[in-house]
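Numbering (our numbering), first residue to last: 8 to 178. C-beta atoms are modelled at their ideal positions from N, C-alpha and C, and glycine is treated no differently. Since we're looking at a predicted model, the values are computed, not measured. What follows is a set of notes on a single structure, which appears directly below.
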Amino acid sequence: METWDAITSRRDVRSFEERPLPSDQLDRILEAGRRAPSSRNWQPWDFVVVTERDQLTELAKVWRGGGHVAGSAATIALILPDSDSARERELAHYDLGQATMAMLIAAADLGIGSGHSAVGDQARARSLLGFPEDRYAAFLIDLGYPADRPLKPIQKPDRRPFDEVVHRGRW
Ligand SMILES: Cc1cc2nc3c(=O)[nH]c(=O)nc-3n(C[C@H](O)[C@H](O)[C@H](O)COP(=O)(O)O)c2cc1C
């Protein structure tokens, strides 16, 4: 896919085909995240990738709106360090957003759909994924081939109008 097509084809996918993702494609998605830019190149993230069905089913329970994780072919848990510093937390989220979007675009480029889930139950997430006490699971990214229809460029996305969002020179 062309980069622009990958950007415009990405959409929230919550139902997935049963078939697994080729491991080289899953690794490419993770590599896209690893290469993301971050403040002072501190790379605050760790990624825990889950592909076993039983583990996915349990992982889906960490958030009441995360049921779609159970049916994914793979889910990447995005792990961040805990911090007492508001500034550090803010930077970590900005940086993780960049890593996330790189992974979503890399997935779309391969025709792989993606969705997000928040994480409410940190204790359950920690016991399932084994990340250390000084980290937390910020979000889950679930992946798989879309069950409804293949990804293709969306002509009219559900977004605020361009001219409302974009201010040229001054608000
Ligand atoms: C930070 C973030 C958290 C989200 N959390 C959830 C979630 O917990 N459950 C869910 O079903 N969708 C979640 N979403 C998906 C959004 O609802 C979706 O991306 C948005 O409606 C835009 O639709 P699109 O992705 O198809 O363009 C989340 C998205 C983001 C960026």
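Residue i and residue j closer than 7 Å at C-beta
{"i": "Leu158", "j": "Ala113", "result": "no"}
{"i": "Pro153", "j": "Gly122", "result": "no"}
{"i": "Val204", "j": "Ala132", "result": "Since the first residue of the chain shown is 8 and the last is 178, residue 204 is not available in this structure."}
{"i": "Gly151", "j": "Ser92", "result": "no"}
{"i": "Met110", "j": "Ile36", "result": "yes"}
{"i": "Leu117", "j": "Gln32", "result": "yes"}
{"i": "Leu103", "j": "Trp52", "result": "yes"}
{"i": "Ala43", "j": "Ala144", "result": "no"}
{"i": "Gly73", "j": "Ser22", "result": "no"}
{"i": "Pro160", "j": "Asp12", "result": "yes"}
{"i": "Arg142", "j": "Pro88", "result": "yes"}
Span of the alpha helix (DSSP H) around residue i
{"i": "Val172", "result": "Phe169 to Val172"}
{"i": "Arg131", "result": "Gln129 to Leu136"}
{"i": "Arg96", "result": "Ala93 to Asp116"}
{"i": "Ile161", "result": "Premise fails: Ile161 is in no alpha helix (DSSP H) and is neither H nor E."}
{"i": "Asp34", "result": "Ser30 to Arg41"}
{"i": "Glu65", "result": "Arg60 to Leu66"}
{"i": "Ala13", "result": "Thr10 to Ser16"}
Length of the line joining the Cα atoms of residue i and residue j
{"i": "Asp61", "j": "Ala77", "result": "8 Å"}
{"i": "Glu171", "j": "Gly137", "result": "44 Å"}
{"i": "Glu65", "j": "His75", "result": "12 Å"}
{"i": "Ala67", "j": "Arg94", "result": "30 Å"}
{"i": "Leu98", "j": "Gln50", "result": "10 Å"}
{"i": "Arg222", "j": "Ala84", "result": "Residue 222 is absent from the structure shown; the chain starts at 8 and stops at 178."}
{"i": "Ala181", "j": "Lys163", "result": "Because the chain here runs from 8 to 178, residue 181 falls outside it and cannot be looked at."}
{"i": "Thr58", "j": "Ile86", "result": "17 Å"}
{"i": "Arg167", "j": "Arg96", "result": "28 Å"}
{"i": "Val126", "j": "Glu9", "result": "33 Å"}
{"i": "Arg17", "j": "Asp149", "result": "13 Å"}
Beta strand (DSSP E) segment containing residue i, residue limits
{"i": "Gly120", "result": "Gly120 to Ala125"}
{"i": "Thr82", "result": "Ala81 to Pro88"}
{"i": "Ala144", "result": "Arg142 to Gly151"}
{"i": "Asp53", "result": "Asp53 to Val57"}
query = Which residues have their C-beta within less than 5 Å of a heavy atom of ligand 1, listed in chain order?
reply = Arg18, Asp19, Gly72, His123, Ser124 and Ala125
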